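A.B. asks: One structure follows; several queries about it will come next.
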Ligand SMILES: [Zn+2]
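In my numbering, the protein residues as written are 72 to 138.
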């Protein structure tokens, strides 16, 4: 029996899902499933709306009472 390839299309290089690391599917790439795609989307949205908490050590947070 000869090994038969069902896919005539050229095989894309296997890419790992950016979320879970599983092989990404063509439909949801670069993710493996819609779930992982949603996870990434939520991360992006949260990141977009979230206020970056930047701590400035140089800036005086609390002013010392002047004596
Ligand atoms: Zn995944």
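Idealized CB from N, CA, C, for every residue including glycine. Fair warning: this is a prediction, and the values are worked out from it, not measured in the lab.
In angstroms with no decimal places, state the Cα-to-Cα distance between residue 116 and residue 88.
C.D. replies: Each residue's alpha carbon lies about 19 Å from the other.
A.B. asks: Spatial neighbours of residue 96 within its chain, please: CB distance less than 6 Å, with the 5 preceding and 5 following residues excluded, ordered by chain position.
C.D. replies: Contacts found: 103.
A.B. asks: Which residue wins for smallest C-alpha separation from residue 107, given the options 94, 118, 98 and 90?
C.D. replies: Of 94, 118, 98 and 90, the residue nearest in Cα terms is 90.
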